[in-house]
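One structure below.
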Amino acid sequence: MRNLTLLTDLYQFTMMNGYAETGLADTEAVFDLFFRAQPGLDFAVAAGLEQAMDYIENLHFDDEDVAYLRSLNCFGEKFFARLGNFAFTGDMFAMREGEMVFPHEPLVTVRAPLFEAQLVETALLNIINHQTLIATKAMRMANETKGGIAEFGLRRAQGPDAGIYGARASIIGGCVSTSNVLAGKMFGVKVSGTHAHSWVMSFPTELEAFRKYAELYPDQCLLLVDTYDTLKSGVPNAIKVFDELKASGYKPVGIRLDSGDLAYLSKKARAMLDAAGHTEAKIFASGDIDENIIASLNAQGARIDVWGIGTKLITASPRPALGGVYKMAAVRDKDGKWVPKMKFSDTHEKITNPGFKTTYRILDANGKAAADLIALADEKIDSSRPLTIFHPVETWKKKTFTDYTLKRLPVQIFSKGAAVYERPSLKEIVDYAVRSKGEFWEEYKRLINPHVYKVDLSDGLYDLKKKLMEGVSTN
1174 MRNLTLLTDL YQFTMMNGYA ETGLADTEAV FDLFFRAQPG LDFAVAAGLE QAMDYIENLH
1234 FDDEDVAYLR SLNCFGEKFF ARLGNFAFTG DMFAMREGEM VFPHEPLVTV RAPLFEAQLV
1294 ETALLNIINH QTLIATKAMR MANETKGGIA EFGLRRAQGP DAGIYGARAS IIGGCVSTSN
1354 VLAGKMFGVK VSGTHAHSWV MSFPTELEAF RKYAELYPDQ CLLLVDTYDT LKSGVPNAIK
1414 VFDELKASGY KPVGIRLDSG DLAYLSKKAR AMLDAAGHTE AKIFASGDID ENIIASLNAQ
1474 GARIDVWGIG TKLITASPRP ALGGVYKMAA VRDKDGKWVP KMKFSDTHEK ITNPGFKTTY
1534 RILDANGKAA ADLIALADEK IDSSRPLTIF HPVETWKKKT FTDYTLKRLP VQIFSKGAAV
1594 YERPSLKEIV DYAVRSKGEF WEEYKRLINP HVYKVDLSDG LYDLKKKLME GVSTN
């Protein structure tokens, strides 16, 4: 396992050195990792927790790390004295992978000495931001499909790690397979793929290329039909080969369209395949596809069974980043009491929520998600009594629940540095993602003008935030 301890920004180390020099290194603090609302990012799918755990468990400074840090001439001996036996000793809480989550809800909460909590900021953001972004993009695409999505963006990913962990995240978000063989080996997921145009161009004729591929892979014969002319050459030649396969006792998989008007071509190809008796042959489509194109093609009656998506999935186009942040929420004072901390801003979206918190999902009588409630962790909420929630800014907007249940979303991952969370398999994570998505009405997940999902603050958290804001305004 790679040692990623130096995978951080320099300013984390300069702050850590400052904490050591000023006697604050062992002061306990709480930090929340969350994302802010953005246009088109109405929800997200939590992902990356397993790799975050790997990172935390493997934190240590090698001799080479220490030597490099010394070479920067930035740090004092109190700082270096803490590196020799360094290990994470704090607590961590997080949303399960596959959970549907919303802006300002803590995806990860770290409670640890400042020296440790500051170090892990950058890497946690790197890991959680990336995989959550890709899982979210995959789910947005999967929500629009009537068939499966095969992820094959490795060639377009921004580096090997983005390709590997992007493939993992895409499976969490709803893809059924990946073209990435290393990801398939690492995570035990299905790998899929056929041939490229170069295979067809390597033979004297398209028909010869198809026949040879069918000879080599009679049980997995999926033919790419748009090298020369999709309807005049590709599909007719594929039908000839499928006829020969059937005569030999094999069942062809189908054809793949990679260019042109996919709505028109898929409908024409479907008619040609059906007329030839290949009604079970599937039509795969690829070529710079995203959720908006899928929705448009479906509206046009496209006959596509499986979607192969690369660039726009693995890069989450057109959104380059989730925009997750890591903000301090509380510090323990010399008397052992927690002092809530809060970032202020003239921009409402950038004002943070103070204190050590948790998040509840309010499920209605149908078991459907009705709203989320961010609350102080030690706040008592009696679910046997009616619960009234209100908009944190437009406070006159209220809703009262009488027949409901509360689902606490975060789970504890580390306790005093020891992992206490039993890691689920990727299949279990995918199953959980399906259940989490199933808690939400379709109106919350539609692409255009989705219904706004309520994320409110508990009475205790609202009062604390208001008190802190009033205190600042009077200073």
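Here the sequence shown stands for residues 1174 to 1648, numbered as in our numbering.
Virtual Cβ for every residue (Gly too), placed ideally from N, Cα, C.
Endpoints, the beta strand (DSSP E) within which Phe1261 is located: Phe1261 -> no beta strand (DSSP E), and no H or E assigned at all.
By the 10 Å Cβ neighbour count, where 16 or more other Cβ atoms means buried, how is Met1174 classified, buried or exposed? exposed
What would DSSP say about Tyr1533, mapped onto helix, strand or coil? strand
In terms of residues, what are the limits of the alpha helix (DSSP H) holding Glu1272? Annotation: Glu1272 is outside any alpha helix (DSSP H) and is labelled neither H nor E by DSSP.
In this structure, how does DSSP classify Asp1551 when only helix, strand and coil are distinguished? coil
Contact set for Ala1330: own chain, Cβ-Cβ below 6 Å, skip 5 residues either direction: Gly1336, Gly1339 and Ile1487
What are the boundary residues of the beta strand (DSSP E) that Met1501 is part of? Gly1497 to Arg1505
Determine, using beta carbons only, whether Asp1334 comes closer than 8 Å to chain B. Absent from the structure is chain B; it holds one protein chain and no more.
Relative to the C-alpha of Ala1468, which residue among Gly1528, Thr1573 and Met1314 is closest? Of the candidates Gly1528, Thr1573 and Met1314, the one whose C-alpha sits nearest the C-alpha of Ala1468 is Met1314.
If you measure between the beta carbons of Ile1562 and Lys1627, is that distance less than 8 Å? yes
CA nearest to the CA of Asp1392, picked from Glu1417, Pro1377 and Asn1176: Glu1417
Tell me whether Thr1647 sits in a helix, a strand or coil according to DSSP, three-state version. With a pLDDT of 47 at Thr1647, under the threshold of 50, the modelled position of that residue is not reliable, and no figure is offered here.
Grab the span of the alpha helix (DSSP H) containing Ser1588 for me, first residue to last. Element bounds for Ser1588: not the alpha helix (DSSP H) but the beta strand (DSSP E), Pro1583 to Ser1588.
Residue range of the beta strand (DSSP E) that Phe1563 falls in? Leu1560 to Phe1563
Inside the segment 1406-1442 only - beta strand (DSSP E) runs reaching at least 3 residues: Those beta strand (DSSP E) runs which fall completely within the segment 1406-1442 and span 3+ residues are 1427-1430.
Going by DSSP, name the residue or residues bridged to Trp1480. Ile1322 and Ala1458
Runs of alpha helix (DSSP H) lying entirely within the segment 1354-1409, each at least 4 residues, in chain order: 1354-1360, 1370-1374 and 1379-1389
What residues in its chain sit with their C-beta under 8 Å from that of Val1362, if we drop five residues either side in the sequence? Ala1340, Arg1341, Ile1344, Ser1350, Thr1351, Ala1356 and Leu1599
Taking C-beta to C-beta, are Arg1429 and Leu1395 nearer than 8 Å? yes
DSSP state of Arg1255, grouped into three classes? coil
Closest by C-alpha distance to Asp1555, when choosing among Ile1300, Trp1569, Ala1538 and Tyr1577: Tyr1577
Taking 8 Å as the cut-off, decide whether the C-beta atoms of Pro1276 and Phe1234 are in contact. no
Applying the 10 Å Cβ sphere with the 16-neighbour rule, what's the burial state of Asp1604? exposed
Residue(s) in a DSSP beta bridge with Arg1161: Not covered by the structure: residue 1161. The range shown for the chain is 1174 to 1648.
Report buried or exposed for Lys1639, applying the criterion of at least 16 other Cβ atoms within 10 angstroms of its Cβ. Using a 10 angstroms sphere on the CB of Lys1639, the tally of other CB atoms stays under 16, which defines it as exposed.
Can you tell me whether Asp1629 is helix, strand or coil according to DSSP? strand
Start and end residues, alpha helix (DSSP H) containing Ala1313: The amino acid at residue 1313 is misidentified as Ala; the sequence shows Arg. Glu1294 to Ala1315 is the extent of the alpha helix (DSSP H) around Arg1313.
Output yes or no for whether 8 Å exceeds the beta carbon distance between Gln1304 and Gly1213. The criterion of a C-beta distance shorter than 8 Å is not satisfied by Gln1304 and Gly1213.
Taking buried to mean at least 16 other C-beta atoms within 10 Å of its own C-beta, is Asn1648 buried or exposed? Note that Asn1648 scores a pLDDT of 46, beneath 50, so its modelled location is shaky and nothing firm can be said.
Pick out whichever of His1368, Gly1450 and Ser1421 has its Cα sitting closest to the Cα of Thr1400. The shortest C-alpha separation from Thr1400 is found at His1368.
Limits of the unbroken beta strand (DSSP E) element including Asp1205: Glu1201 to Phe1208
Which first and last residues belong to the alpha helix (DSSP H) in which Val1607 is found? Judged by DSSP secondary structure, Val1607 falls within the alpha helix (DSSP H) whose first and last residues are Leu1599 to Gly1611.
For the candidate residues Ala1323, Gly1347, Asp1264 and Glu1201, whose alpha-carbon lies nearest to that of Gly1611? Gly1347
For Thr1187, which three-state DSSP category applies? Helix at Thr1187.
Take Met1374 as the anchor and find which of Ser1365, Val1364, Tyr1386 and Gly1366 has the nearest alpha-carbon. Tyr1386
Euclidean distance between Cα positions of Ala1475 and Val1607: 26 Å
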